[in-house]
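These protein sequence lines map, in sequence, to chains A and B. The first sequence begins at 71 in our numbering and counts up one residue at a time. The second sequence begins at 71 in our numbering and counts up one residue at a time. No residue lacks a Cβ here, since even glycine has one placed at the ideal position from N, Cα and C. A short write-up of the structure that comes next.
Protein chains: 2
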Amino acid sequence: MIQIKNQLREYLTRYATFNETDIELIFHQCSYEKYQKKDFLLKQGTVCQYNFFILKGLVRQFRFDDNGHENISAFGIENWWITNLNSFLNQTPSTNSIQAIEETIVLQITKENLEVLYVKIPALERAFRKITENMLIALQRKDEIFMKTNSKERYYTMVKQLPDFFQRVPQYMIASYLDITPEYLSEIRKNI
Amino acid sequence: MIQIKNQLREYLTRYATFNETDIELIFHQCSYEKYQKKDFLLKQGTVCQYNFFILKGLVRQFRFDDNGHENISAFGIENWWITNLNSFLNQTPSTNSIQAIEETIVLQITKENLEVLYVKIPALERAFRKITENMLIALQRKDEIFMKTNSKERYYTMVKQLPDFFQRVPQYMIASYLDITPEYLSEIRKNI
DNA sequence: AGAACTACTTAAGATATCTTAAGAAAAATG
DNA sequence: CATTTTTCTTAAGATATCTTAAGTAGTTCT
Numbered sequence: 071m072i073q074i075k076n077q078l079r080e081y082l083t084r085y086a087t088f089n090e091t092d093i094e095l096i097f098h099q100c101s102y103e104k105y106q107k108k109d110f111l112l113k114q115g116t117v118c119q120y121n122f123f124i125l126k127g128l129v130r131q132f133r134f135d136d137n138g139h140e141n142i143s144a145f146g147i148e149n150w151w152i153t154n155l156n157s158f159l160n161q162t163p164s165t166n167s168i169q170a171i172e173e174t175i176v177l178q179i180t181k182e183n184l185e186v187l188y189v190k191i192p193a194l195e196r197a198f199r200k201i202t203e204n205m206l207i208a209l210q211r212k213d214e215i216f217m218k219t220n221s222k223e224r225y226y227t228m229v230k231q232l233p234d235f236f237q238r239v240p241q242y243m244i245a246s247y248l249d250i251t252p253e254y255l256s257e258i259r260k261n262i
Numbered sequence: 071m072i073q074i075k076n077q078l079r080e081y082l083t084r085y086a087t088f089n090e091t092d093i094e095l096i097f098h099q100c101s102y103e104k105y106q107k108k109d110f111l112l113k114q115g116t117v118c119q120y121n122f123f124i125l126k127g128l129v130r131q132f133r134f135d136d137n138g139h140e141n142i143s144a145f146g147i148e149n150w151w152i153t154n155l156n157s158f159l160n161q162t163p164s165t166n167s168i169q170a171i172e173e174t175i176v177l178q179i180t181k182e183n184l185e186v187l188y189v190k191i192p193a194l195e196r197a198f199r200k201i202t203e204n205m206l207i208a209l210q211r212k213d214e215i216f217m218k219t220n221s222k223e224r225y226y227t228m229v230k231q232l233p234d235f236f237q238r239v240p241q242y243m244i245a246s247y248l249d250i251t252p253e254y255l256s257e258i259r260k261n262i
């Protein structure tokens, strides 16, 4: 409990200045939840009720395409927020799902509660402005890599940048994230 | 001059509440600039000095890949902010350029001035939190479309969603944005 | 209006990547 | 530890997309 509050405090103070009352307030607007492996935090087609702060664990965000294949658009790990932002902010049905790959522990907050906090604690609005900026930068970087490189290079870029992932995520999910078939990724790995 | 201030006011009040003093303050931290067709607002390799609010005109954001081909990652039109966010926020060399496709008129603001404003006017921080959220949502949508569709579908999606663009942007730039060769886009268009 | 760019099209051959199908290996489960 | 399920590999044929090269049309400049 205190440990969790510490993790949240440590994370938030990377982005703005908070006093103890702020942290307390934020903490109490969140709920604590544990998801087992394969549990869904969000299901495609439903309205995303929460923004999830991952305390521990690993999730993937994915959708089924028209051929019934899974398309992974993102992973979420410790100290990341994950949600379907469009669904969460506009309270519309989500175009993708979020599912735990490992047992995952989160703090989750509703749009309503988050907006109350923004008003009470301007530093939180600053923190989220910066967090969102960083998420945008990360996605722009992904976009750039996908634009300019072929499958093999995408794979090597990912190996280099996120070596830890390969221990925790099955290869076919890496393939999906890289927008390659698992068979072709296997092929790529063979020809090293 | 008053017209410009009105455009800025109208835009910002879509995201938060501002009084006249706020608008005045924001306006005076920006500088007004006109770029001719083909002028660069930002050059690959240099630090991005400004966040640009496009009052009028059209720009593209692109980089040269290793084969010397242009890769367009984004367009910017009236009432959009455009910058290389990573370069602007971290004052590091930009990985891409921004160039005017038409004569383009902007309000441009430095990181320093923007940060002064965030402190003086919390509503601006709120507005930029929301603006950044919307940019992230837009890029996630692009990511989703690219993940799940082939070239032909990407083209049709774009025709449907942004028909105005096709009047203003040469076809080879559309091809670049869609990550298709101009020759293949021509092929696609033939087979309708 | 003629010259010089710039943008678009066409087509043939090359290549990256996918599809399908099957089997092997590894991990989870009773 | 035997069985079931999940994950990974292999290979052959199919397909989307690119490359190259050349020609045509459209724009801009003098």
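If you follow the alpha helix (DSSP H) that residue i is part of, which residue opens it and which one closes it?
i, result
"lysine 190 of chain A", "181-190"
"glutamate 257 of chain A", "252-260"
"phenylalanine 236 of chain A", "235-238"
"serine 246 of chain A", "241-247"
"serine 164 of chain B", "Where serine 164 of chain B is concerned, there is no enclosing alpha helix (DSSP H), given that its DSSP letter is neither H nor E."
"glutamate 223 of chain A", "221-231"
Between which two residues does the beta strand (DSSP E) holding residue i run?
i, result
"asparagine 76 of chain B", "Not the beta strand (DSSP E): asparagine 76 of chain B falls in the alpha helix (DSSP H), residues 72-82."
"valine 129 of chain B", "128-134"
"asparagine 141 of chain B", "140-147"
"tyrosine 85 of chain B", "First-last for tyrosine 85 of chain B: undefined, no H or E at that position."
"serine 101 of chain A", "101-105"
"leucine 111 of chain A", "110-112"
Does the beta-carbon distance from residue i to residue j come in below 8 Å?
i, j, result
"phenylalanine 132 of chain B", "tryptophan 151 of chain B", "no"
"isoleucine 93 of chain A", "arginine 79 of chain A", "yes"
"phenylalanine 145 of chain B", "arginine 130 of chain B", "yes"
"leucine 112 of chain A", "isoleucine 74 of chain A", "no"
"tyrosine 225 of chain A", "leucine 184 of chain A", "no"
"glutamine 240 of chain A", "proline 192 of chain B", "As written in the sequence, residue 240 of chain A is proline, which differs from the glutamine given in the question. For proline 240 of chain A and proline 192 of chain B, no; Cβs fall outside 8 Å."
"isoleucine 215 of chain B", "threonine 227 of chain B", "yes"
"leucine 19 of chain B", "threonine 202 of chain A", "Nothing about residue 19 of chain B can be read from this structure; chain B reaches only from 71 to 262."
"glutamine 77 of chain A", "isoleucine 179 of chain A", "no"
"isoleucine 159 of chain B", "lysine 181 of chain B", "Per the sequence presented here, residue 159 of chain B reads as leucine, with isoleucine not at that position. Cβ distance < 8 Å, so leucine 159 of chain B and lysine 181 of chain B count as in contact."
"serine 143 of chain A", "methionine 217 of chain B", "yes"
"glutamate 103 of chain A", "valine 176 of chain A", "yes"
"arginine 233 of chain A", "tyrosine 242 of chain A", "Reading off the sequence shown, one finds proline at residue 233 of chain A, where the question assumed arginine. Contact: no."
"threonine 165 of chain A", "tyrosine 105 of chain A", "no"
Please compile the residues from chain A whose C-beta is within a distance smaller than 8 Å of the C-beta of residue i.
i, result
"threonine 202 of chain B", "Arg199, Thr202, Glu203 and Leu206"
"asparagine 156 of chain B", "Ile207, Gln210 and Arg211"
Go through its chain and collect everything with a Cβ distance to residue i's Cβ below 6 Å, but skip five positions before and after it.
i, result
"glutamine 161 of chain B", "Val117"
"asparagine 149 of chain A", "Tyr81"
"arginine 238 of chain A", "Leu128"
"isoleucine 250 of chain B", "Ser221"
Of all Cβ atoms in chain A, is any one closer than 8 Å to the Cβ of residue i?
i, result
"threonine 165 of chain B", "yes"
"asparagine 261 of chain B", "no"
"asparagine 141 of chain B", "yes"
"leucine 232 of chain B", "no"
In chain order, what residues of the same chain lie with their CB nearer than 7 Å to the CB of residue i, ignoring the 5 residues before and after it?
i, result
"proline 163 of chain B", "Gly115, Thr116, Val117 and Ser157"
"asparagine 60 of chain A", "No answer is possible for residue 60 of chain A: it lies beyond the span of chain A, which begins at 71 and ends at 262."
"threonine 153 of chain A", "Cys118, Tyr120, Asn121 and Phe122"
"lysine 108 of chain A", "Gln169 and Ala170"
"arginine 211 of chain B", "none"
"phenylalanine 97 of chain A", "Lys75 and Leu78"
With a cut-off of 8 Å, does the C-beta of residue i fall near any C-beta of chain B?
i, result
"leucine 125 of chain A", "no"
"leucine 159 of chain A", "yes"
Since residue i meets chain B, which of its residues come closer than 7 Å, beta carbon to beta carbon?
i, result
"methionine 217 of chain A", "Asn141, Ser143 and Asp249"
So residue i contacts chain B; which residues on that side make the cut at Cβ distance below 8 Å?
i, result
"proline 192 of chain A", "Pro192 and Glu195"
Which bits of chain A does residue i rub up against, with CB to CB less than 9 Å?
i, result
"glutamate 214 of chain B", "Arg133, Asn141, Ser143, Thr165 and Asn166"
Excluding the 5 residues preceding and the 5 following residue i in the sequence, name in chain order all residues of the same chain whose CB lies nearer than 8 Å to its CB.
i, result
"tyrosine 188 of chain A", "Leu194, Glu195 and Phe198"
"glutamate 172 of chain B", "Lys107, Gly127, Leu128 and Arg238"
"phenylalanine 235 of chain B", "Phe145, Met228 and Ile244"
Run down chain A in chain order and give the residues with a C-beta less than 7 Å from the C-beta of residue i.
i, result
"leucine 95 of chain B", "Near leucine 95 of chain B there are no residues of chain A at all, since even the closest Cβ is about 17 Å away, more than 7 Å."
Is the closest heavy atom of the ligand FMN to the C-beta of residue i under 7 Å?
i, result
"glutamate 253 of chain A", "By its list of ligands, the structure shown contains no ligand whatsoever, and the ligand FMN lies outside what it can speak to."
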